[in-house]
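Input: a single structure, listed below in structure tokens.
Chains as they are written, first to last, in the working numbering: chain A, 54 to 169; chain B, 499 to 612.
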């Protein structure tokens, strides 16, 4: 079965600093990987996704993630944090089944705090 | 706006009471899911419906039942609520065969069982 580990349940950065949120996955097949963001009292919003091809994936709000097969990682980065980036971030891997339906397996989440 | 609609947004139950959480999507998606979100545990799958007419257990199904009423609607029922079911519940949907689109999530139901 596939699984996802997010290192660090809480990350705090200064405004303007680099954001790095770590995600490692386990999968016996080439994975589909996702990052979702959850702002306070809201649902989850897709930030970016990796399927095949280019290993550096760009998403919304200036975020990007790099798929590294050798490290089984899919870390999320942003060069310069903004106060509005404060949210909880979830890494997820997709299991695909015969018939085409899929299930998302989520990591435990990382809460990002951005301070002035 | 197109998307996933969950009702109610908030609910307080007494232990032993029952209730049904409603979910509807208008994107013609085949697959629908119920997750619960608890601090430090991420989202855990309760039940899912790969397509209309089918439902299956996920990771944490105990204490819950589901009904896929039609292609649009997927409800979650708590027959006898327990404090351990205090959580935020999310419904999601996705089209079959289009994994790359990811899931569309509702805004959640915040349930407290006292």
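From the three backbone atoms N, C-alpha and C, an ideal C-beta is built for every residue, glycine too.
| request: For residue 546 of chain B, go through chain A and note every residue whose CB falls closer than 9 Å to its CB, in chain order. | output: 154 and 156
| Contact set between the stretch 127 to 147 of chain A and chain B, restricted to residues whose Cβ is under 7 Å from the partner | 143 and 147
| field | residue 583 of chain B - DSSP class collapsed to helix/strand/coil | value | helix
| field | Under 9 Å (Cβ pairs) to chain B, residues found in the stretch 86 to 114 of chain A | value | 87, 89, 91, 94, 95, 96, 97, 98, 99, 102 and 104
| said: Only counting the same chain, and skipping five residues up and downstream in sequence, which positions put a Cβ closer than 8 Å to that of residue 168 of chain A? | reply: 65, 66, 67 and 68
| field | Complete beta strand (DSSP E) runs within the stretch 70 to 137 of chain A (minimum length 3 residues, chain order) | value | 72 to 79, 85 to 91, 97 to 103, 109 to 111, 117 to 121 and 126 to 131
| Which residues mark the beginning and the end of the beta strand (DSSP E) in which residue 148 of chain A is found? | 140 to 149
| said: Using C-beta distances below 7 Å, list every residue in its chain close to residue 535 of chain B, excluding the 5 sequence neighbours before and after it, in chain order. | reply: 541, 585, 586 and 588
| Min CB distance residue 62 of chain A to chain B below 8 Å | yes
| task | State yes or no: is the beta carbon of residue 525 of chain B nearer than 8 Å to at least one beta carbon in chain A? | result | no
| task | Quick one: list the residues of chain B neighbouring residue 118 of chain A, beta-carbon separation under 7 Å, in chain order. | result | Under the 7 Å cutoff, chain B gives no residues; its nearest Cβ is about 14 Å from residue 118 of chain A.
| message | I'd like the span of the beta strand (DSSP E) that includes residue 564 of chain B, first residue to last. | response | Residues 562 to 566.
| Straight-line gap, residue 522 of chain B to residue 142 of chain A (C-alpha atoms, nearest Å) | 25 Å
| Which chain A residues sit within Cβ distance under 8 Å of residue 598 of chain B? | 85, 102 and 104
| message | Less than 8 Å between the C-beta atoms of residue 157 of chain A and residue 87 of chain A, yes or no? | response | yes
| field | CB contact below 8 Å: residue 161 of chain A versus chain B | value | yes
| said: Less than 8 Å between the C-beta atoms of residue 602 of chain B and residue 514 of chain B, yes or no? | reply: Contact: no.
| query | Thinking C-alpha only, which one of B:612, B:578, B:516 and B:592 is nearest residue 532 of chain B? | reply | Taking only the C-alpha atoms, the option nearest residue 532 of chain B is B:592.
| query | What does residue 588 of chain B touch in chain A if you count any residue whose Cβ is under 9 Å from its own? | reply | 96 and 97
| said: I need the straight-line Cα distance from residue 561 of chain B to residue 610 of chain B, nearest angstrom please. | reply: 15 Å
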